[in-house]
Structure formats: structure tokens, C-alpha cells
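Have a look at the structure below, then the notes.
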Amino acid sequence: MAYPNVFVTSIFVAFLITVAQLVAVHGDQSYVEEACSVTRYRDLCIHSLASFSSIAKKSPSVWARAGVSVTLGETKNVAQYLVNLNKHNNMNGKSRVALSDCIECFANAIDELHKSLGVLRRLSRTTFVTQMGDLNTWLSAALTDGNTCLDGFSEGDCEKGQQIKSLQNRVLRANRFTSNALALANKLAATGLGSLPEP
7 MAYPNVFVTS IFVAFLITVA QLVAVHGDQS YVEEACSVTR YRDLCIHSLA
57 SFSSIAKKSP SVWARAGVSV TLGETKNVAQ YLVNLNKHNN MNGKSRVALS
107 DCIECFANAI DELHKSLGVL RRLSRTTFVT QMGDLNTWLS AALTDGNTCL
157 DGFSEGDCEK GQQIKSLQNR VLRANRFTSN ALALANKLAA TGLGSLPEP
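All residue numbers for the sequence shown refer to this note's numbering, where the first residue is 7 and numbers rise by one.
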């Protein structure tokens, strides 16, 4: 006669687990939403960084590192796209020159993002201000590289068409990632390191 009670208890436990999971998911979502509140492209930030919520929680340094990490991945993808396009495209004149410039710009951006990630992996209270200055410089330079690429294709003599539009959209998306990473880095600079120990 105890079976109904066991059944009810099982249902109740399952209900509690489901509620706990929903609360955890909502809690994680609130972390990424709070972190991304400082970014210009908030929806992109939330979508690209949601998986870091359970690790980063309310840590500006972890969010900044996550932001730069996903930006580096996106930038590498665009760089590879540009290289492939250069091998198989039939662009002429200024468009071909602009594409070549874009490839160089993205190579520079990848280098700058690697340097940024290096800073975020070695944060120290004793050199924090200098590190934040370097981080701002490199992320700003990466953003400038993307803008320079776009500027090359905005000139009147450049070709138009679907191929160019696709290129511009990919570069613009990478720029938005970089802009968000810069905003997260600026938040870290403004917040400080908190309880991070001395090296």
C-alpha cells in the first residue's frame, strides 16, 4: 500500500529537479545578460557568450577573456574566408587591391587579439593599469583593422555585387565581435581585479 506514496514522492522529486534546472538556466542567463549590458551589440554578445555563464558568473576578467576568445575565433574564420576568396575570385582593379589589404588587416587583427588574450591570461594587480592600457590599444587596433578593410570596399571604383556584399557582412560581423570584446575589456578596466592575488 506504500506504492502510491512512492509514486507521488518520485513525481515531486522530478518536479524539484526540473525547477532547480530552470532556476540554474535562468541564473546563468542573467549572468551573461548583465555582462553584455555594456556592449553595443548586446544580442550578439549574449548569443556568443551564453555558454560561458556558469564559469564566468560575475567576473569581469573572465567575461573579457571569453569576449576576446570568441572574437579571435570569428576573426580567424573571416581571415580564412578572405584567403580562400583571394585564391578563387575574379576580382579586378581596386577590388583585388582592397581584398589584398583586407587579408593583411585581418592578419594584423589576429596578432593583436592573440596579444590581448595573452594579457588577460597574466593579469596582475601590480601591473593592472599598464595591462589595461595595452589591452585597449590592441583591441582598438583590431577594430581599426576591420574598419580599414571595409573602407577599401566602400570606394566608388570598387566592384559591387553579391560576393562583395557577403565579404562586407562577414567583416562587419567580426567588427561587432571586436567592439563587444573592447566593451567587456573596458568594464574590466573600470571594475578592477577584486580579490586576485599578487603574482
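Every residue gets a Cβ at the ideal spot worked out from N, C-alpha and C, and that includes glycine.
This structure is a prediction, so every number in the text was calculated from the model and none was measured.
Measure the alpha-carbon distance for residue i versus residue j and round it to whole angstroms.
i	j	result
Tyr-9	Ser-59	Its pLDDT being 49, under 50, Tyr-9 is placed unreliably in this model, and the value from its coordinates should be taken loosely. About 41 angstroms.
Leu-199	Pro-66	8 angstroms
Val-125	Arg-131	12 angstroms
Tyr-47	Phe-112	21 angstroms
Lys-63	Asp-140	25 angstroms
Ala-180	Arg-127	22 angstroms
Thr-45	Ser-185	7 angstroms
Ser-36	Asn-142	26 angstroms
Ser-172	Lys-93	16 angstroms
Pro-203	Tyr-87	Unreliable positioning characterises Pro-203 in this predicted model, as indicated by a pLDDT of 40, which lies under 50. A coordinate reading is not provided.
Val-29	Thr-133	Note that Val-29 scores a pLDDT of 36, beneath 50, so its modelled location is shaky and nothing firm can be said.
Asp-107	Lys-193	32 angstroms
Val-103	Ser-57	39 angstroms
By the 10 Å Cβ neighbour count, where 16 or more other Cβ atoms means buried, how is residue i classified, buried or exposed?
i	result
Ala-196	exposed
Arg-71	buried
Asn-215	As displayed, the chain neither begins before 7 nor continues past 205, which places residue 215 out of reach and without an answer.
Gly-167	exposed
Gln-137	buried
Glu-40	exposed
Ser-43	exposed
Met-7	Any reading at Met-7 is ruled out, since the residue's pLDDT is 48, under 50, leaving its predicted position unreliable.
His-32	The pLDDT assigned to His-32 is 44, lower than 50, so where the model puts this residue is not dependable; a value taken from the coordinates is nonetheless given after this. Exposed is the call here.
So, residue i versus residue j, is the Cβ gap smaller than 8 angstroms?
i	j	result
Leu-123	Leu-78	yes
Ile-52	Val-38	yes
Phe-159	Ser-54	no
Asp-151	Ala-187	no
Ala-148	Glu-110	no
Cys-155	Val-177	yes
Asn-95	Gln-169	yes
Between residue i and chain C, is there a C-beta pair that is closer than 8 angstroms?
i	result
Lys-100	In the structure shown, chain C does not exist; there is a single protein chain.
* Asked: Considering only residues of the stretch 139-197, which uninterrupted alpha helix (DSSP H) runs meet the minimum length of 4 residues and lie entirely inside it, listed in chain order?
  -> The stretch 139-197 contains these whole alpha helix (DSSP H) runs: 168-197.
* Asked: Unbroken alpha helix (DSSP H) runs of length 4 or more, entirely within the stretch 37-73: which are they?
  -> As far as the stretch 37-73 is concerned, its whole alpha helix (DSSP H) runs of at least 4 residues are 48-55 and 59-62.
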